[in-house]
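First to last, the sequence lines map onto chains X and R. Add 30 to the 1-based position in the first sequence for the working numbering, that's all there is to it. Add 21 to the 1-based position in the second sequence for the working numbering, that's all there is to it.
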Amino acid sequence: MKKLISVTVNEKRYELAVDSNMTLVDMLREELKLTGTKKGCELGECGACTVLMDGKPVSSCLLLAIEADNREIVTIEGLETEKGLHPIQQAFVEKGAIQCGFCTPGMILSAKALLENNPNPDEHEIRKAISGNLCRCTGYQKIVEAIQSVSSDK
Amino acid sequence: MTEYSTINSRAPKIDAPDKSTGKAKFINDLNMENQLYGALLQSPLAHAKILRIDTSRAEALPGVKAVITAADAGNIKYGVSPARYDETLFCIDKVRYIGDEIAAVAAVDLETAEKAASLIDVEYEELPALLSIEDATREGAPLIHDEYPRNICADVHQEFGNVEAALAECDVIRTDTFTSKMQNCAFIEPQGCIADYDHRGYLTLYTSTQVPHYTQRTVAMVLNMPVGKVRVMKPYVGGGFGAKASASAMEMAACLLSKKSGKPVKMNFIREQVFLHSRSRHKFIHTMTTGVKKDGTIVALKHHCTLEGGAYSSFGIATIYYAGSLLGGPYKLQHMKYDAQRIYTNKPACGAQRGHGGVIARAAWEQQLDAIAEELGMDPIELRLKNMMNNGDTSCNELYMSSFGMRECIEAVRNQSGWQKKKDALPRGKGVGMACGFFVSGSGFPIYRSETFHCTASVKLTEDGGVAHLFTASADIGQGSDTTFAMITAEALGIPLHAVKVSSGDTDFGVDLGAYSSRQTLMTGFAVKQAAEDAKRKVIEVIADELRISEKEIDVKNGKIVFKNAGIDISGIRSKYRKEHRGWHSLPKGNQLSFIEAARIAFLERGTIIGQGEYRPRFLGGTYKGAAVGTSPAYGCSAQVVELSVDMETGKITIDRMTDAHDCGFAINKTSVEGQMQGSLLMGVGEALFEEVKFDNKGRILNPNFSEYKIPTALDMPNITPVIVESNEPYGPYGAKEVGEGAIMPTIPAILNALYDATGIRFTELPLTPERVYKAIKQKILETESGNSEK
Ligand code: FES
Ligand code: FES
Chain X
31 MKKLISVTVN EKRYELAVDS NMTLVDMLRE ELKLTGTKKG CELGECGACT VLMDGKPVSS
91 CLLLAIEADN REIVTIEGLE TEKGLHPIQQ AFVEKGAIQC GFCTPGMILS AKALLENNPN
151 PDEHEIRKAI SGNLCRCTGY QKIVEAIQSV SSDK
Chain R
22 MTEYSTINSR APKIDAPDKS TGKAKFINDL NMENQLYGAL LQSPLAHAKI LRIDTSRAEA
82 LPGVKAVITA ADAGNIKYGV SPARYDETLF CIDKVRYIGD EIAAVAAVDL ETAEKAASLI
142 DVEYEELPAL LSIEDATREG APLIHDEYPR NICADVHQEF GNVEAALAEC DVIRTDTFTS
202 KMQNCAFIEP QGCIADYDHR GYLTLYTSTQ VPHYTQRTVA MVLNMPVGKV RVMKPYVGGG
262 FGAKASASAM EMAACLLSKK SGKPVKMNFI REQVFLHSRS RHKFIHTMTT GVKKDGTIVA
322 LKHHCTLEGG AYSSFGIATI YYAGSLLGGP YKLQHMKYDA QRIYTNKPAC GAQRGHGGVI
382 ARAAWEQQLD AIAEELGMDP IELRLKNMMN NGDTSCNELY MSSFGMRECI EAVRNQSGWQ
442 KKKDALPRGK GVGMACGFFV SGSGFPIYRS ETFHCTASVK LTEDGGVAHL FTASADIGQG
502 SDTTFAMITA EALGIPLHAV KVSSGDTDFG VDLGAYSSRQ TLMTGFAVKQ AAEDAKRKVI
562 EVIADELRIS EKEIDVKNGK IVFKNAGIDI SGIRSKYRKE HRGWHSLPKG NQLSFIEAAR
622 IAFLERGTII GQGEYRPRFL GGTYKGAAVG TSPAYGCSAQ VVELSVDMET GKITIDRMTD
682 AHDCGFAINK TSVEGQMQGS LLMGVGEALF EEVKFDNKGR ILNPNFSEYK IPTALDMPNI
742 TPVIVESNEP YGPYGAKEVG EGAIMPTIPA ILNALYDATG IRFTELPLTP ERVYKAIKQK
802 ILETESGNSE K
């Protein structure tokens, strides 16, 4: 059964008819072709599918598309502007926080949510904020360093 | 010291911007017009005869375009090593583990494909499931493969020197047994692929692989096609760590489905299938007897190992040899005996995982050496310094150390960790431990017997002279090889990094054995350097001709042509170049000729300038059986100090600090080298503390997910102090060798040794879960109390 929803993704408004059992991650990837949001487990365990919903990080594989009705979603594609990469993206690039890059979109969005609430997180707060985002490549250290480097009080 | 313009720096990865924005495409991000979706039918039983397969209900389902079974796939055997080809694409007469592939379906959408797969009727006759080494080796146990009596997949016996005689001369002899559990590589991106068989009979397979070349060969062999008609390309790959280092049944099923349906076929594993496919670290049981002299000289090692292999060989024949041969270093050891068996069981096949074969052996031995140091009253670091090999040494199993910064590594971690202050000085519940590591820098031989080059590379200068385009079939799976090779190309050509473009991971670009055995930086890097130098030489030849000077007087630096002697008139070349670019802005100025001008002139003179390079190891020692596994053009080594705390009430371990030094020969990209070290340590921490694939008594995996197969999160990892040691490897490009796998080697034993320091208990079984640690602490308290009351 299809249901009509209205959702804002990366500041653009969409009216979509989606299957009532379609997940948010599939809506983003398949309907909107925003494949920057990854699927690592589809069980809410890896964080690769993290997006921001009304500013909060959520696992988009655990949500139904219809739950995003009237909500505001930000995906990794929504961070770059005409001026270039978002400072968190830039920091990830420069600090070597990206290896395979599969966890990166979710990781960056979790970092963004953290820094918006807490512009000066300490190391433990950073580690806590990204603890739902698994990374098998980096050992997390360079990710933590990247996030630290963009906190307002470095 | 040589001054470099690009390498030995911290250049950001060339693909990082695209990966940071979601632009980078991974396999599941790719789609093709009219693609079908594939699904596998996998065995629900661990061991059973197949009596009958009926696909009619599946075929009748609307939307189904192709259904394939062994009747279509045939009975060609494949695997990783030709010495143990024991798999067929689909099960023929029996299934050997839960997850074994029986059939595949392609349909218009995934739901239909999955539904159809579930409609295939299979009649089984259940056989006893052999779920442990004991079950599989019990007298009268059924055979998992008829060709392998007693379910022994491989049986290895090696002896170097004379162990029994040497042990008789030793002052301290110690025997310990150590057991680990089956692991999962647990990369975050599940495997996926799209196969596209075209009307001319050419097949393109896009897949998340570490090894395009081996996959190409296996697909061609199993589908009975010429290798040249199979092209394997990898998009960005979300980690591999070993499990993506061979062709899978899914990949070949997709190819066959595409051939049969005439449409591209897309397939993906879900997380559970990643666990079923497995091909990750074996369960190992090591028993080691080590003999040393009073002064700490390590004399002999008698080593027995049993590996639980699962249902198929996969990399196992290499694994079993590595588990022995990698103890040949980093210590001088004259006598070593190794006896091992790899046993088939009805579980997913184990294969290679970061530190292939050597990780648990290293953990067991480094812990034992610590215990021996204690018996001798020696500092464990002193024991290791006393025995380590040096540059130019050859091990008893004929491994040659062409460069070896072991001393520097040990000293670095000793100094930077504050070892002297902490050893034996930390309160109960806190501990410090150290260990060393040793690993190959690329396998000396391809996995199939061949004289093949291990890699070829070409650097094509674009006709405008502005870009050097590197083509390599090597695989960047996140470790950053594309960036490394771009940096090598830029350095060797003398041009800036931004002027290098890399196309990689495609069998159409040449031969490259791929990302496994920590080979690419040394081997592919060598070929890339040669290709870039070849292109540079061709440009210089033309310029020398034009200017009527000797080639020896010309070099390229920072994108400019530099002449040995002053007063060379470049105006002829420059005006030739400028004439071609009327109306263009930003033409070269100044009195130096740019490489762009020179390369353009070279193109006008000679046509496309392509530099070529290739690499094949020199003859590497060892003629005994199994010598091919462990020989490498170079060896990396490492040392690590771990500090941890144990909650004595709960048994929970917290890793507080890690100091890790690794001899990578020469760091092409320092950030990448540190990243490999930090990532390796994470895998070691996970394996030491919590990772274990668990099974029920039917052979079902109990924890095929990240909530119950726990890998380290950001909260489980401490900060790591990485120290890069550069020993300048003579056989590596600019002196570079491995870091990707060797760095994991010291982690588990350093944790074990720190845990002993904290608790006074030697743990001989992994993982070190709170439950296991707590029980042991309690046991020890009881023993001490009863000991006290007896007194
Ligand atoms: S894909 Fe959603 S948490 Fe893993
Ligand atoms: S960079 Fe590969 S999973 Fe994080």
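The beta carbon of each residue, even a glycine, is placed where N, CA and C say it ideally should be.
One alpha carbon belongs to G213 (chain R), the other to A536 (chain R), and they sit about 17 Å apart. At a cut-off of 8 Å, the C-beta of I177 (chain X) has no neighbouring C-beta in chain R.
Partner residues in the beta bridge of F716 (chain R), as assigned by DSSP, are R:I722.
By the criterion of at least three beta-carbon pairs nearer than 8 Å, the segment 167-182 of chain R is not in contact with the segment 743-750 of chain R.
Chain X has no Cβ within less than 8 Å of the Cβ of P788 (chain R). Partner residues in the beta bridge of E122 (chain R), as assigned by DSSP, are R:Q63. Across the set X:E41, X:C71, X:E75, the C-alpha of X:E41 shows the shortest separation from the C-alpha of M83 (chain X). G700 (chain R) reaches chain X at Q129, C165, R166, C167, T168, G169, counting residues in chain order whose Cβ is nearer than 9 Å.
Flagged as an interface residue toward chain X: G696 (chain R), by a C-beta distance shorter than 8 Å.
Neighbours of M766 (chain R) in chain X, taken as residues whose beta carbon is under 8 Å from its own, are absent, since the nearest beta carbon is some 15 Å off. Bounds of the beta strand (DSSP E) holding Q661 (chain R) are 656-667. Along the segment 513-536 of chain R, none of the residues has a CB nearer than 9 Å to a CB of chain X. Scanning chain R for C-beta atoms nearer than 7 Å to the C-beta of K69 (chain X) yields N49, reported in chain order. For R73 (chain R), the beta-bridge partners assigned by DSSP are R:E144. Its Cα nearest to that of Y333 (chain R), the residue R:S267 stands out among R:A344, R:S267, R:L348, R:G345. In terms of Cβ geometry, Y421 (chain R) and V650 (chain R) do not form a close pair [threshold 8 Å]. In this structure, ligand 2 has no non-hydrogen atom nearer than 7 Å to the beta-carbon of R558 (chain R).
Between K451 (chain R) and T318 (chain R), the CB-CB gap reaches or exceeds 8 Å. Listed in chain order, the positions of the segment 734-747 of chain R with a beta carbon within less than 8 Å of a beta carbon of chain X are T734, A735, L736, M738, N740, I741.
Remark: the shortest separation between the CB of Q129 (chain X) and any heavy atom of ligand 2 falls under 7 Å. Look at I209 (chain R): its beta carbon is less than 7 Å from one of the heavy atoms in ligand 2. Contact check for I689 (chain R) against I28 (chain R) passes: the beta carbons are separated by less than 8 Å. By the Cβ neighbour-count rule, K442 (chain R) is exposed, with fewer than 16 other Cβ atoms within 10 Å of its own. By alpha-carbon distance to G131 (chain X), the top candidate from R:Q500, R:G593, R:T675, R:A275 is R:Q500. Residues of the segment 144-163 of chain X with a C-beta less than 9 Å from any C-beta of chain R: E153, H154, I156, R157, K158, A159, I160, S161, G162, N163, listed in chain order. Nearest C-alpha to T415 (chain R) among R:Y227, R:G337, R:I306, R:G642: R:G642.
About 12 Å separates the beta carbon of G546 (chain R) from that of T504 (chain R), a gap too long to meet the 8 Å contact definition.
Here F640 (chain R) is exposed, its C-beta having fewer than 16 other C-beta atoms within 10 Å. By the neighbour-count criterion, in which 16 or more other beta carbons inside 10 Å mark a residue as buried, R428 (chain R) falls on the buried side. Chain-ordered, the chain X residues with CB closer than 7 Å to the CB of I291 (chain R) read E72. Looking only at R:G249, R:S279, R:E80, R:G263, the smallest Cα-Cα distance to A94 (chain R) is reached by R:S279. Annotated as proximal: G580 (chain R) and S615 (chain R), with beta-carbon spacing under 8 Å. If you ignore the 5 residues before and after I630 (chain R), its C-beta comes within less than 8 Å of the C-beta of K481, L482, A556, K559, V560, A620, A623, F624, all in its own chain and listed in chain order.
Secondary structure at L94 (chain X): strand, using DSSP grouped into helix, strand and coil. For G100 (chain R), the closest of R:T239, R:L188, R:A384 by C-alpha to C-alpha distance is R:T239.
For a Cβ distance threshold of 7 Å, residue set Q129 of chain X lies close to Q500 (chain R), ordered along the chain.
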